[in-house]
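Engineer: Here you go, one structure.
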Amino acid sequence: MLNFSFHNTTQIHFGEGQIQALRQAIPKTAKVLVTYGGGSIKTNGVYDQVVEALNEHVWFEFSGIEPNPQYETLIKAKDLIQEHDIDFLLAVGGGSVVDGTKFIAAAALFEGDDPWDFIAKGEPIKQALPLACVLTLPATGSESNSGAVVTRDGNKLPFMSPYVQPVFAVLDPSVTLSLSDRQISNGVVDAFVHTMEQYLTYSVDGKVQDRFAEGLLLTLIEEGPKALAADTKADLNVRSNIMWAATMALNGLIGAGVPQDWSTHMIGHELTGSYGIDHARTLSIVLPAVMKVCSKAKREKLLQYAERVWNLTDGNDDVRIQRAIELTEEFFKSMKMPTRLFDVDLGEADIDGLIEKLIQHGMLKLGEHGDITPEVSRKILQTAV
Ligand code: NZQ
Ligand code: ZN
9 MLNFSFHNTT QIHFGEGQIQ ALRQAIPKTA KVLVTYGGGS IKTNGVYDQV
59 VEALNEHVWF EFSGIEPNPQ YETLIKAKDL IQEHDIDFLL AVGGGSVVDG
109 TKFIAAAALF EGDDPWDFIA KGEPIKQALP LACVLTLPAT GSESNSGAVV
159 TRDGNKLPFM SPYVQPVFAV LDPSVTLSLS DRQISNGVVD AFVHTMEQYL
209 TYSVDGKVQD RFAEGLLLTL IEEGPKALAA DTKADLNVRS NIMWAATMAL
259 NGLIGAGVPQ DWSTHMIGHE LTGSYGIDHA RTLSIVLPAV MKVCSKAKRE
309 KLLQYAERVW NLTDGNDDVR IQRAIELTEE FFKSMKMPTR LFDVDLGEAD
359 IDGLIEKLIQ HGMLKLGEHG DITPEVSRKI LQTAV
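At position 184 of the sequence shown the residue is numbered 192 (my numbering), and the sequence of numbers has no breaks.
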């Protein structure tokens with residue numbers, strides 16, 4: 009196992025009715041800015057619950073944070089924060105609202121010229137406003153991690169800072185009942201791929217991490233399709249298991265002390281940045297191709313994955329690996345996700361542009377070995393056509 013330091017400081021309030029916890033969890037003296045997206049929280053009752061829970065607080069609101077949050081939208085919150093002396097942010101929504109709010113939290117106290125610099129130029133984030141969230145879409149893990157992804161002019165880029173780790177997160181699975189099938193699928197597959205990015209690398213004998221990861225994969229394979237099926241989609245236990253699995257998949261636990269890949273994500277971000285494809289739908293296209301192109305480097309782990317996640321014990325090593333990749337694709341298809349560029353109307357002709365973007369964004373040595381060069385990324389995209 010590799011050396012690591014691990015702590016996760018986000019307090020989780022999990023379960024039905026937990027939005028009420030906001031009343032106690034946010035300091036009474038705080039001036040709160042509630043941030044949200046395009047209005048789903050107004051139609052599913054989440055907004056009303058938040059308003060009720062904050063009736064003893066001073067609060068303001070900022071709406072319109074779009075999926076794949078855009079710099080131009082987020083930066084507008086800065087004036088509001090200054091005008092009202094806001095000192096606490098509450099994100100209510102999916103990963104985009106939480107990520108966008110993380111950006112706002114850091115931008116509000118950024119002392120340089122342009123807050124985009126801490127993303128594009130890696131300028132250090134030295135402070136941020138405290139933030140918390142009410143999560144409405146289980147997927148990204150953003151509710152209890154220190155990462156965020158923001159887009160400016162088609163450049164979709166991640167940043168990380170301990171200052172934007174949410175203080176607490178409310179996870180009420182019942183608020184996910186209003187999700188569309190598309191967003192349910194996106195969430196399950198995003199969480200699945202987060203787990204794979206930290207699992208499908210090379211073995212360092214991290215038994216706890218491996219078995220936690222396998223447990224998450226098995227849970228998502230089992231529960232994901234149930235959240236789409238008519239007779240089980242309203243089952244709160246299904247929603248609870250998906251929600252907790254998605255949080256655990258990217259809260260730092262399974263990635264501590266093991267190598268990590270993230271090439272699927274970095275290549276996927278270019279597909280979203282250039283063509284606006286939903287984040288998770290880029291992952292269901294890219295991951296199978298990464299598994300194929302990198303099967304030599306990932307051989308040992310692919311065999312472990314085949315046996316422990318898919319119960320594949322017959323046939324030689326190559327047969328089991330191939331079958332495990334096929335079953336992964338079948339799982340994505342059962343979640344109604346695309347698995348080829350063709351499925352989202354892209355093809356060979358689009359690859360040059362995507363590779364140019366990867367180079368422009370410094371994505372030159374991806375993967376757990378740093379050997380996924382732009383040429384290997386090209387091979388991956390060609391495999392995904
Ligand atoms: O904007 P509203 O009206 O709220 O509607 C949203 C949005 O249209 C809707 N929605 C959310 N909760 C709902 C709901 N509709 C009905 N009922 C509910 N309960 O769903 C749509 C998509 O929301 P979004 O927040 O964009 O989805 P998701 O949570 O999948 O977040 C995706 C973003 O997170 C980033 C992605 O790149 C992408 O920008 N990621 C963040 C990560 C992190 N911070 O650690 C890691 C991930 O790998 C990912 O990159
Ligand atoms: Zn993701």
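Even for Gly, the Cβ is constructed at its ideal location relative to N, Cα and C.
1. For Ile127 and Leu30, I'd like the C-alpha separation in whole angstroms.
2. Following the continuous alpha helix (DSSP H) through Glu24, name the residue where it begins and the one where it ends.
3. Specify the secondary structure class of Trp67 as computed by DSSP and reduced to three states.
4. Any idea what DSSP makes of Thr17, helix, strand or coil?
5. Return yes when at least one heavy atom of ligand 1 lies under 6 Å from the C-beta of Asp107, else no.
6. Can you name the residues that DSSP bridges to Ala156?
7. Is Ile112 near Ala85, with beta carbons less than 7 Å apart?
8. Suppose the cutoff is 6 Å on Cβ atoms and the five residues either side in sequence are ignored; what does the same chain contact list for Thr227 look like?
9. Count the other C-beta atoms from every protein chain shown that fall within 10 angstroms of the C-beta of Asp180, then say buried if there are 16 or more, exposed otherwise.
10. How about Ala114 and Ile89: do their beta carbons lie closer than 7 Å?
11. The alpha helix (DSSP H) that contains Thr227, what's its start and end?
12. Considering only residues of the segment 289 to 350, which uninterrupted beta strand (DSSP E) runs meet the minimum length of 3 residues and lie entirely inside it, listed in chain order?
13. Return the residue from the list His377, Glu80, Ala61, Asn324 that minimises the CA-CA distance to Val178.
14. When the Cα atoms are used, what is the spatial distance from Thr391 to Asp326?
15. CB-CB under 8 Å to Ile94, same chain, minus the five flanking residues each way: which ones, in chain order?
16. If you draw a straight line from the C-alpha of Phe118 to the C-alpha of Ile333, how long is it?
17. Can you tell me whether Asp269 sits near ligand 2, meaning its C-beta is under 6 Å from at least one heavy atom of the ligand?
18. Examine the Cβ distances between the segment 332 to 346 and the segment 189 to 206 and report whether three or more of them are shorter than 8 Å.
19. Can the beta-carbon of Val317 be found less than 7 Å from the beta-carbon of Leu225?
20. State the DSSP-derived secondary structure class of Ala235, mapped to helix, strand or coil.
21. Could you tell me which whole beta strand (DSSP E) segments of length 3 or greater appear in the segment 67 to 149?
22. According to DSSP, is Leu366 part of a helix, a strand, or is it coil?
23. When you compare only the Cα positions, how much space is there between Arg219 and Asp213?
24. Is Asp198 near ligand 2, in the sense that its beta carbon is under 6 Å from a heavy atom of that ligand?
25. Compute the beta-carbon to beta-carbon distance between Leu349 and Ile388, rounded to the nearest angstrom, for a pair I have assumed lies under 8 Å.
26. Cutting at 7 Å between CB atoms, please list the residues of its own chain near Ser152, excluding the five before and the five after it.
27. Which residues in the same chain as Trp270 place their Cβ atom closer than 6 Å to its Cβ, once the five residues preceding and following it in sequence are excluded?
28. Taking Lys164 and Gly281 to be in contact with their CB atoms under 8 Å, please state how far apart those CB atoms are, rounded to whole angstroms.
29. Does the distance from the CB of Glu356 to the CB of Val393 come in under 7 Å?
30. Could you check whether the Cβ of Thr290 sits closer than 6 Å to any heavy atom belonging to ligand 1?
31. Please report how far the alpha carbon of Tyr313 lies from the alpha carbon of Tyr79, in whole angstroms.
Structural biologist: So, to answer that:
1. For this step, residue 127 is matched to residue 119 along the sequence shown. For this step, residue 30 is matched to residue 22 along the sequence shown. Distance between the alpha carbons of Ile127 and Leu30: 30 Å.
2. The residue given as residue 24 occupies position 16 in the sequence shown. Going by DSSP, Glu24 is part of no alpha helix (DSSP H) at all; its letter is neither H nor E.
3. Here the question's residue 67 lines up with position 59 in the sequence shown. In the structure shown, Trp67 falls within a strand segment according to DSSP collapsed to helix, strand and coil.
4. Translated into the one-based positions of the sequence shown, residue 17 becomes position 9. Coil, per DSSP.
5. Here residue 107 is taken as the residue at index 99 of the sequence shown, counted from 1. Ligand 1 has a heavy atom closer than 6 Å to the beta-carbon of Asp107.
6. Start at 1 with the first residue of the sequence shown, and residue 156 comes out as number 148. Bridge partners of Ala156: Phe167.
7. Counting from 1 along the sequence shown, the entry for residue 112 is found at position 104. Counting from 1 along the sequence shown, the entry for residue 85 is found at position 77. Ala85 is positioned such that its CB atom lies closer than 7 Å to that of Ile112.
8. Counting from one through the sequence shown, the residue named residue 227 turns up at place 219. Result list for Thr227: Asn249, Ala253, in chain order.
9. Numbered from its first residue, the sequence shown carries residue 180 at position 172. Around the CB of Asp180, 16 or more other CB atoms lie within 10 Å, so the residue is classed as buried.
10. Taking the sequence shown and counting its residues from 1, one reaches residue 114 at position 106. Taking the sequence shown and counting its residues from 1, one reaches residue 89 at position 81. No, Cβ-Cβ distance for Ala114 and Ile89 is not below 7 Å.
11. Residue 227 sits at position 219 when you count from the first residue of the sequence shown. Counting along the chain, the alpha helix (DSSP H) containing Thr227 begins and ends at 215 to 231.
12. Runs of the beta strand (DSSP E) inside the segment 289 to 350: none found.
13. Residue mapping note: residue 178 aligns to position 170 of the sequence shown, counting from 1. Closest by alpha carbon: Ala61.
14. Here residue 391 corresponds to residue number 383 of the sequence shown, with the count starting at 1. Here residue 326 corresponds to residue number 318 of the sequence shown, with the count starting at 1. Computed Cα separation, rounded: 18 Å.
15. Here the question's residue 94 lines up with position 86 in the sequence shown. The residues are Lys39, Val40, Leu41, Phe68, Leu88, Ala116, Leu137.
16. Position 110 of the sequence shown holds residue 118. Position 325 of the sequence shown holds residue 333. Spanning the two alpha carbons is a distance of roughly 44 Å.
17. For the purposes of this step, residue 269 is taken as residue 261 along the sequence shown, with counting starting at 1. No; taking the cut-off as 6 Å, the Cβ of Asp269 has no heavy atom of ligand 2 nearer than that.
18. The answer is yes - the segment 189 to 206 touches the segment 332 to 346, with three or more Cβ pairs under 8 Å.
19. The residue labelled residue 317 in the question sits at position 309 within the sequence shown. The residue labelled residue 225 in the question sits at position 217 within the sequence shown. Yes.
20. The sequence position of residue 235 within the sequence shown is 227, counting from 1. Correct three-state label for Ala235: helix.
21. As for any beta strand (DSSP E) of minimum length 3 sitting wholly inside the segment 67 to 149, the runs are 96 to 101, 139 to 143, ordered along the chain.
22. Along the sequence shown, read from residue 1 onward, the residue named residue 366 stands at position 358. In the displayed model, Leu366 falls within a helix according to three-state DSSP.
23. Locating residue 219 in the sequence shown gives position 211, counting from the first residue. Locating residue 213 in the sequence shown gives position 205, counting from the first residue. Roughly 11 Å between the two C-alpha positions.
24. For this step, residue 198 is matched to residue 190 along the sequence shown. Checking every heavy atom of ligand 2 against the Cβ of Asp198, one is found closer than 6 Å.
25. Translated into the one-based positions of the sequence shown, residue 349 becomes position 341. Translated into the one-based positions of the sequence shown, residue 388 becomes position 380. Not quite, the Cβ-Cβ distance comes to about 11 Å (not below 8 Å), so this is no contact.
26. Counting from one through the sequence shown, the residue named residue 152 turns up at place 144. Spatial neighbours of Ser152 in its own chain (CB-CB distance under 7 Å, excluding positions within 5 residues in sequence) are listed in chain order as Asn16, Thr18, Ile20, Pro174, Ala177, Thr255, Asn259.
27. One-based indexing of the sequence shown puts residue 270 at position 262. For Trp270, the CB contacts under 6 Å within the same chain, skipping 5 residues up- and downstream, are Glu205 in chain order.
28. On the sequence shown, position 156 is the one that residue 164 refers to. On the sequence shown, position 273 is the one that residue 281 refers to. Confirmed, Cβ separation roughly 4 Å.
29. Taking the first residue of the sequence shown as 1, we reach residue 356 at position 348. Taking the first residue of the sequence shown as 1, we reach residue 393 at position 385. Pairing Glu356 with Val393 gives a Cβ-Cβ distance under 7 Å.
30. Within the sequence shown, numbered from 1, the residue matching residue 290 stands at position 282. Shortest gap from the CB of Thr290 to any heavy atom of ligand 1: 6 Å or more.
31. Along the sequence shown, read from residue 1 onward, the residue named residue 313 stands at position 305. Along the sequence shown, read from residue 1 onward, the residue named residue 79 stands at position 71. Roughly 39 Å separates the two Cα atoms.
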